[in-house]
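The listed protein sequences derive, respectively, from chains A and B. Remember, our numbering sits 1 above the position in the first sequence when you count from 1. Remember, our numbering sits 1 above the position in the second sequence when you count from 1. Note that the Cβ used here is the ideal one computed from N, Cα and C, for glycine as well.
Number of protein chains: 2
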Amino acid sequence: MLNKFCKQPLWECNRTLIKVAQGQEPADLVIRHAKLVSVTTHEILEDTDIAVAAGRVAYVGIAPYTADHCIGENTKVIDAEGQYVAPGFMDGHIHVESSMVGVDEYARAVVPHGTTGIYWDPHELCNVTGLEGVAEVAKVAKSVPLKAMITTPSCVPAVPGFEDTGASVDAAGVEGTMGWDSVVALGEMMNYPGILSCADNAIEEVNATLKAGATPTGHYSVCETDRGLNAYIASGVSSCHESIRSEDIIAKLRLGMYAQIREGSAWQNLHDLAPAVAGGRIDTRLCNLVSDDNHPNTLVSDGHLDRILRMAVREGIDPVTAIQMVTINAATYFQMGTDMGSITPGKCADIVFLEDLKDFHVTRTIIDGEVVAEDGKALFEAGSYQYPEFMTDTMHVAVDITDATFRIPAVNSKGEALAGDSATVRAMVVAPGSTITECALAQAPIKDGQLVADSENDLLKAFVFERHNNTGSFAHGFVKGFGIHGALAQTVAHDAHNLLVVGDNDADMALAARTLVECGGGECAVEDGKILGQVALPVCGLMSPRHVEDVAADVERVEEAWKSMGCTMPSPFMTMALLSLACIPSLRLTNRGLVNTDTFQFEDLVVEG
Amino acid sequence: MLNKFCKQPLWECNRTLIKVAQGQEPADLVIRHAKLVSVTTHEILEDTDIAVAAGRVAYVGIAPYTADHCIGENTKVIDAEGQYVAPGFMDGHIHVESSMVGVDEYARAVVPHGTTGIYWDPHELCNVTGLEGVAEVAKVAKSVPLKAMITTPSCVPAVPGFEDTGASVDAAGVEGTMGWDSVVALGEMMNYPGILSCADNAIEEVNATLKAGATPTGHYSVCETDRGLNAYIASGVSSCHESIRSEDIIAKLRLGMYAQIREGSAWQNLHDLAPAVAGGRIDTRLCNLVSDDNHPNTLVSDGHLDRILRMAVREGIDPVTAIQMVTINAATYFQMGTDMGSITPGKCADIVFLEDLKDFHVTRTIIDGEVVAEDGKALFEAGSYQYPEFMTDTMHVAVDITDATFRIPAVNSKGEALAGDSATVRAMVVAPGSTITECALAQAPIKDGQLVADSENDLLKAFVFERHNNTGSFAHGFVKGFGIHGALAQTVAHDAHNLLVVGDNDADMALAARTLVECGGGECAVEDGKILGQVALPVCGLMSPRHVEDVAADVERVEEAWKSMGCTMPSPFMTMALLSLACIPSLRLTNRGLVNTDTFQFEDLVVEG
């Protein structure tokens, strides 16, 4: 497809490149003495020069050839001094909102780590603001050099009929976005049951994408590699980042699907999946490394794709193979390989300097021929974008939240009071670093006619309040696995991003919830009436307008609060945020109630009989 | 880009595929117990089933899974009995006209050998008939199952200003074809000097292609891998089939160019180039195997891409890697990888059955889910197409050809008679199996005021007559390397396809030339006043309407004539046909005169001083 993410289309500047390559015009930039990571041949090319003009590579001189002839009076010359240069890294599946900052600030965070392009599914903010918000953030993206290639959210709401969101997207909406300059693909088609049952809207979204010559990306989160997977791929959906077993990866590759190995802040699949693609036993051209969701802290402390490359190599994947997975393979997948993905003549000059291929320490990032980051610092500004009110005024909770709001009457499905000291309830069970919840039966104590939490047995109450349309709708359930005392609330609650509250007592839950209503959304940790930590995310209740370092510091305080409250899992807020995501196994809570996401039916909280 | 070469677009049939994959509707075709060549993972998948519906793959069941659930009452079931099945073979660069038959008959010849798609540059016939003829043969192609994907001829004439052709194509013409359903790319941009000098028409042809999101294919026939090659690639031209050295292949792959290894009937580069890509030392995703030009005899006796695969494996290339080069790599290059190139769900069901991966004996070919060839025989008809008169009446030679026409006056550049028994002339020197001619100085005897041939020293006369527009233009020169007595004439004379005659005596030359004028063009061998062999090619003077086997038999007789006349090189007619191709080194003869194709200047025949 035509690449809109370049300084100039090739047809406007190829005359310049031709002249520069032959020394008839000076280059804008010449890089000397680099170890070039050739992703087309899977080689390291020692002592290579690269000449750049009009934002594109004009000439690659492999020793003994040099780019001396491309250097003029005004040519910027960078001596790589033997450092590696690789094509700019591209993340094939990412939700910027998970990093809790705007895409401009996100760029400031990841570009110094070598990221030059992202394939961004902005479905978090789209659930809050609809496609109008997507169009707005596409404008924000244009203010920074990072190539934010948007994949139109396909599943807003994630599972229609099971939750209330701020907006919805249908096939007609998808079709409309396919003409946008910023859109290159359909975002993850999480509604695989819809595809497998030929539900009209799901299929028509895929078809609108296919007709536009764009790429339908996927999400197939079941451990099934036969009929369902075949049917899902036959629909035209061509990638998945939800594999958790080596055999899933192998099956997807054999069936021609791009297998995206995910290593995010909370969902970490690389260790389990690397053996499938390490060792050169199979062709990995259809493999990508993706991050999906990153905490701001992860970006600040560990980086982005450089972090994943480092881990991939530790897990036994050849370093050049790993780099291919975030460069040429990603560009090829999105049908942008003619313009991006390698450092070869005519391609966009998106270039990363690396000290080595082990730690992947990035020293310089170039996008469209401009040095945009050096020594870990972005050389561009971010954060001044003034979001419109429809994106900053999104907390519309019609419930007047008090302690009493969090009482769960001990009644059966007919509303009759339950006898005894406790009742058997269906509880969501979370596990560290996993997107999956189990459904377990637990004993909830009955006190004063209420079902209450049981800290000693790690049984917490959970509430979800609709917050987009003042409907006053909310629902409750129980959750196990967090092991805390106190309460946590957040409006980052996939994918509807309603107000989610978890806790072991009503007063702390109410304080946490009210705090977020007042500050426009975010995260909040409360223990014994005291706010231990808070992250204000006034843009859509998902993002802060501040610098990522400041947001990370706030998040860090909340993470510490989690620990002090008794939870030891990594990135517990991200795990909590999935409690309401009704398209992943097995039991979830939305503002409409408990959802069995294996059968896609509402479940009663209390197990009777 | 959107694939027009399928039974139905995926968006019209994916609901059917989804149902078939899950056993909810029966498949049209099920293949059982196949060894599937997985080109996505580079594996052989033992005991695999494939279900097909709507011309596409609906389901791939890898043991222990089977496609039993896809079989209904009317499903055709083929037991592969352990044979290999591979994706249909695609030739990334081919001129059908070189096989001297129409594309329908060509299909009948190659489909039984496993070819399901060709990327066809019809620039031979385009030089005779213009784009009108290209549109006509695109119609012919639609009558057969072979996917004839047309690349619009870019260089008609091959080298403007140096020859007269029947038609010309400019950038506006190219732009117009980019909307045709049959066109997927720009044909080989042989005018690399034009690209390197930023000649407007050459660049604008590339740019019209880029703007359409199509693929500009190339031809860079110089042994140069630095500034010129970089500049050529930077223009956007992204492939080359003219490599003759391993280092050319490696350089092109490193610079991101698709390196097409050519093994045609006459130009055979596989032996020299295989070492560059064998042994798994480099990534070969940008490699293709192509045939460029095939004699009809080669197709009949040895096959097409199956022949090249066989040779590739003998030359040390891994068989699955070789298959990738004619399947997924070709489809990806032409941006059709979402629809073709592998046997995976959703892709067109273009499938080849193979007895082994050594001899590549093809037993069955399936295109769009239909069995179209079995046991070496095409299951479809060809040859009934009635070409319009502008394609069958193309011999417009204004010269009344007699013996006297072939006299070369022994004069210098000023028209003054040369003294002595001989004169030093510039002679074209041909070599077996090579597209290159050398320029050598030779002594041409002077008899009766004429420069004459010298059979003893293998010095023949060569003439080219303009035959499209009755201009009466013709020119002469000398050639070494054929070693014959008698005369040979042909209208297959790249790329202008004027009437080319070579011989050692005027009478035989005149008879050969007149014979072709009368029969509408073709090939003719004459010795001592007797026609030893003749191939009538009345369609454009390039193609016969007859079956390829009959044409091959005629060609065989002409080949035998070559031998009996003293020439031992393989496919000498193809080597002879390049004598007039003024875009390949080093000395060529067109109807306008001798051309130095290194400097692109006309040369005097006689060397004075």
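{"Item": "Quick one: grab the DSSP three-state call for B:Asn597.", "Value": "strand"}
{"Item": "Using 8 Å as the limit for Cβ to Cβ distance, is B:Lys212 near chain A?", "Value": "yes"}
{"Item": "With distances taken between CB atoms, is the gap from A:Ala168 to A:Ala209 smaller than 8 Å?", "Value": "no"}
{"Item": "Consult DSSP for A:Val398 and reduce its assignment to one of helix, strand or coil.", "Value": "coil"}
{"Item": "Per the DSSP calculation, A:Gly118 is bridged to which residue(s)?", "Value": "A:Met91, A:Lys148"}
{"Item": "Answer yes if the stretch 440-447 of chain A comes into contact with the stretch 488-498 of chain A, meaning at least three C-beta pairs across the two stretches below 8 Å, and no otherwise.", "Value": "no"}
{"Item": "Would you mind working out which of B:Phe381, B:Phe603, B:Val540 sits nearest B:Gly478, comparing C-alpha positions?", "Value": "B:Phe603"}
{"Item": "Between B:Met2 and the ligand NAD, is there a pair consisting of the residue's CB and a ligand heavy atom that are separated by less than 7 Å?", "Value": "Here there are no bound small molecules, and the ligand NAD is not part of this structure."}
{"Item": "In chain order, what residues of the same chain lie with their CB nearer than 7 Å to the CB of A:Asp376, ignoring the 5 residues before and after it?", "Value": "Thr364"}
{"Item": "Does A:Gly530 pass the burial test, meaning 16 or more other C-beta atoms within 10 Å, or should it be called exposed?", "Value": "exposed"}
{"Item": "Ignoring anything shorter than 3 residues, give me the beta strand (DSSP E) runs that lie fully in the stretch 412-496 of chain A, in order along the chain.", "Value": "423-430, 439-448, 460-466, 475-481, 488-491"}
{"Item": "From A:Asp351 to A:Val86, what distance separates their C-alpha atoms?", "Value": "10 Å"}
{"Item": "B:Ala110: which of B:Ala441, B:Val157, B:Asn295 sits nearest, CA to CA?", "Value": "B:Asn295"}
{"Item": "Distance, Cα to Cα, A:Ala508 vs A:Asn192?", "Value": "37 Å"}
{"Item": "Whose Cβ in chain A lies nearer than 7 Å to the Cβ of B:Leu254?", "Value": "Thr41, Thr42"}
{"Item": "Using the beta-carbon of each residue, which ones in chain A are nearer than 9 Å to B:Gly62?", "Value": "Asp227, Arg228, Asn231"}
{"Item": "May I have a chain-ordered list of the alpha helix (DSSP H) segments no shorter than 4 residues that lie completely inside the stretch 122-197 of chain B?", "Value": "124-130, 132-142, 172-178, 193-197"}
{"Item": "Kindly indicate if chain A contains any beta-carbon less than 8 Å away from that of B:Pro320.", "Value": "no"}
{"Item": "Count the other CB atoms, across all protein chains shown, that sit within 10 Å of the CB of A:Thr569; report buried if there are 16 or more and exposed otherwise.", "Value": "exposed"}
{"Item": "Measure the alpha-carbon distance for A:Ser343 versus A:Asn597 and round it to whole angstroms.", "Value": "45 Å"}
{"Item": "Going along chain B in order, which residues have a C-beta closer than 9 Å to the C-beta of A:Arg547?", "Value": "In chain order: nothing, as chain B lies at least about 41 Å away."}
{"Item": "So with CB distances below 7 Å, who are the chain A contacts of B:Arg286?", "Value": "Arg286"}
{"Item": "Does DSSP put B:Ala508 in a helix, a strand or coil?", "Value": "helix"}
{"Item": "Can you round the beta-carbon distance between A:Leu254 and B:Thr41 to whole angstroms, since I take them to be within the 8 Å contact cut?", "Value": "6 Å"}
{"Item": "Quick one: Cα of B:Ala554 to Cα of B:Gly434, how far?", "Value": "21 Å"}
{"Item": "Could you give the first and the last residue of the continuous beta strand (DSSP E) run that contains A:Lys531?", "Value": "531-537"}
{"Item": "Evaluate B:His469 with the Cβ neighbour count: other Cβ atoms within 10 Å of its Cβ, from every protein chain shown; 16 or more gives buried, anything less gives exposed.", "Value": "buried"}
{"Item": "Looking at the secondary structure, which residues open and close the beta strand (DSSP E) in which B:Asp34 lies?", "Value": "For the record, residue 34 of chain B in the displayed sequence is His; it is not Asp. Taken as a continuous stretch (DSSP letters only), the beta strand (DSSP E) holding B:His34 covers 30-39."}
{"Item": "For B:Glu248, which residues of its own chain have a beta-carbon under 8 Å away from its beta-carbon, when the five flanking residues on both sides are left out?", "Value": "Thr226, Ala277"}
{"Item": "Have a look at B:Thr406 and B:Ala418 and give me their C-alpha separation to the nearest angstrom.", "Value": "19 Å"}
{"Item": "For A:Leu147, which residues from the same chain have a beta carbon less than 6 Å from its beta carbon, with the 5 sequence-adjacent residues on both sides left out?", "Value": "Ala108, Val112"}
{"Item": "Closest to B:His242 by C-alpha separation, out of B:Val372, B:Val353, B:Trp268, B:Val503, would be which residue?", "Value": "B:Trp268"}
{"Item": "So what does DSSP say about A:Asp605, is it helix, strand or coil?", "Value": "coil"}
{"Item": "Counting along the chain, where does the beta strand (DSSP E) carrying A:Arg57 start and finish?", "Value": "57-63"}
{"Item": "Excluding five sequence neighbours on each side, which residues of the same chain lie with their C-beta closer than 7 Å to the C-beta of A:Tyr221?", "Value": "Tyr193, Leu230, Tyr233, Cys241, Glu243"}
{"Item": "Return helix, strand or coil for B:Arg558, following the three-state DSSP convention.", "Value": "helix"}
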